[in-house]
DNA sequence: AAAAAAT
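Residue numbers (UniProt numbering): 1 to 468.
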């Protein structure tokens with residue numbers, strides 16, 4: 001393309017879409033948007049690949065919504081997503097984009113939500129359906145959803161939707177839509193094995209791959225820490241204390257671990273909660289809402305939250321358990337550095353997981369910087385600074401007089417004491433269970449005799465494994 | 001090898 005598109009109004013979108021964009025404060029399309037929108041408007045299949053946070057949702061939603069016939073009260077556009085929360089988010093985005101198109105209804109259909117709500121929404125004859133595969137198939141079987149007039153199909157997080165476990169459901173849904181339809185596949189990652197499969201689903205697609213560059217790469221500074229000396233949950237508390245963050249998301253490997261880590265953080269006084277696929281859907285949505293609107297600072301999640309979620313408060317991602325594949329890493333850290341903000345990503349690596357770290361570095365073509373555990377000095381000075389802030393706040397409050405009176409009553413009991421000694425005693429009491437002067441971090445070095453013992457144990461384990 | 005996705 002020789003012409004460089006500058007504004008949404010240059011892309012061929014109708015006025016009502018442009019008005020919605022203006023309301024939302026969107027001016028200029030991102031590279032993936034300006035590359036894809038004209039082709040999708042023209043009805044062509046598109047395979048869109050661009051890094052996280054680059055505006056893929058709008059890239060497929062805007063042109064497909066633009067081409068909807070509002071007079072026809074049947075599903076014309078369907079978006080499939082790999083998690084329920086993502087289905088909700090994409091549905092909400094479409095509702096925003098379509099708010100000036102008269103007569104267009106949008107519904108999100110996903111598991112765990114009451115049927116009566118979904119059935120009522122379906123009776124309005126929505127032109128746009130966003131959903132997760134299981135519940136969509138359920139509606140198709142019950143005959144409460146009819147996709148026989150569908151024009152546009154989108155697989156959001158396409159590589160995930162075409163993986164084992166999902167692809168069967170996706171193919172099943174595809175068998176219920178007209179053979180002649182437009183397909184859009186979007187993702188930040190596209191492993192070669194899956195890329196080959198995409199050909200089965202597309203007809204002469206226009207392929208867009210937006211390479212990361214200084215200009216369009218999200219600003220995420222990445223580092224790792226080799227687990228050493230102390231347990232991961234203690235290390236997490238230390239890192240969090242040393243870090244300035246708005247909201248943080250901690251990724252763990254298992255659903256159980258979300259609960260364990262959440263509990264440990266709660267004990268440390270953090271405002272945190274777990275998110276995993278075993279929780280009931282109301283609680284899942286409520287937790288995510290609290291996280292979005294700032295009533296929750298830390299979310300501890302499985303990969304249910306790895307893809308697509310757009311929460312611009314997130315300034316820190318911690319990979320508490322290293323992900324087993326590099327795609328998961330890319331999506332996880334992509335939860336930060338959104339909407340032009342900067343983000344930090346910290347990765348915990350156990351010694352035996354170094355291979356996974358090297359793999360991530362090789363695939364992302366990045367060198368991730370090693371960091372050390374925040375020292376006792378750093379933490380002490382931060383605690384002291386926070387404490388000083390609190391004291392300052394008290395000094396500025398105007399209810400201190402009654403405590404002055406109290407001070408006078410305290411004085412006879414400590415007749416020999418000067419005010420400074422008294423202040424020191426009160427300070428000692430006030431610090432409570434979080435000492436303002438921390439003991440030194442335990443020595444990171446593992447003694448040699450212990451090392452030999454670990455080595456021997458590993459060798460025994462391995463020989464046992466090979467005999468089986 | 002875990003998690004996700006209908007009940």
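The beta carbon of each residue, even a glycine, is placed where N, CA and C say it ideally should be. From a predicted model like this one, the values you see are computed outputs, not experimental measurements.
Under 7 angstroms between C-beta atoms of residue i and residue j
i	j	result
residue 205	residue 45	yes
residue 104	residue 129	no
residue 332	residue 317	yes
residue 344	residue 246	no
residue 360	residue 329	yes
residue 13	residue 66	yes
residue 470	residue 21	Outside the shown range of the chain (1 to 468) lies residue 470, about which nothing can therefore be said.
residue 289	residue 271	no
residue 281	residue 91	no
residue 185	residue 373	no
residue 140	residue 176	yes
residue 259	residue 274	yes
residue 410	residue 223	no
residue 136	residue 173	yes
Where residue i falls, given that 16 or more other Cβ within 10 Å makes a residue buried
i	result
residue 295	exposed
residue 370	exposed
residue 421	exposed
residue 477	Absent from the structure is residue 477, since the part of the chain shown begins at 1 and ends at 468.
residue 556	Beyond the ends of the chain as shown, which are 1 and 468, falls residue 556; an answer cannot be given.
residue 325	exposed
residue 193	exposed
residue 418	exposed
residue 118	buried
Nonlocal neighbours in the same chain, by C-beta distance under 7 angstroms from residue i, ignoring five residues either side
i	result
residue 69	76
residue 233	261, 264
residue 11	5, 29, 34, 37, 38
residue 249	299, 301, 305, 314, 317, 335
residue 434	383
residue 26	8
residue 436	380, 383, 384, 387
residue 17	62, 65, 66, 97
residue 56	32, 48, 50, 186
residue 125	73, 74, 105
Close beta carbons around residue i, own chain, < 6 angstroms, minus the five adjacent residues each side
i	result
residue 210	31, 32, 50
residue 219	337, 342
residue 152	64, 77, 182
residue 321	252, 253
residue 363	326
residue 378	242
Close-in-space but distant-in-sequence residues of the same chain around residue i (CB under 8 angstroms, 5 per side omitted)
i	result
residue 279	287
Straight-line Cα distance separating residue j from residue i
i	j	result
residue 439	residue 357	31 angstroms
residue 474	residue 423	This structure does not reach residue 474, given that the chain is present from 1 up to 468, and the question cannot be answered.
residue 308	residue 335	7 angstroms
residue 169	residue 225	39 angstroms
residue 366	residue 404	59 angstroms
residue 146	residue 178	11 angstroms
residue 311	residue 43	31 angstroms
residue 53	residue 164	26 angstroms
residue 327	residue 253	14 angstroms
residue 101	residue 255	41 angstroms
residue 396	residue 386	16 angstroms
residue 382	residue 243	10 angstroms
residue 340	residue 425	48 angstroms
residue 447	residue 221	Unreliable placement is indicated for residue 447, whose pLDDT of 45 sits below 50; the coordinate value is still reported in the next sentence. Whole-angstrom Cα-Cα distance: 33 angstroms.
residue 355	residue 231	20 angstroms
Checklist line | At least three beta-carbon pairs within less than 8 angstroms, the stretch 60-67 to the stretch 97-110 | finding: Judged by Cβ distances under 8 angstroms, the stretch 60-67 makes contact with the stretch 97-110, as three or more pairs qualify.
Note to self: I want to know whether the stretch 181-192 touches the stretch 149-168 - three or more CB-CB distances under 8 angstroms.
What the structure shows: Counting C-beta pairs with one atom in each stretch, the stretch 181-192 and the stretch 149-168 have three or more that are closer than 8 angstroms, which means they touch.
Notebook entry, point to check: Any contact of the stretch 121-139 with the stretch 76-92, i.e. 3+ C-beta pairs under 8 angstroms?
Noted result: Contact between the stretch 121-139 and the stretch 76-92 is present, with at least three C-beta pairs closer than 8 angstroms.
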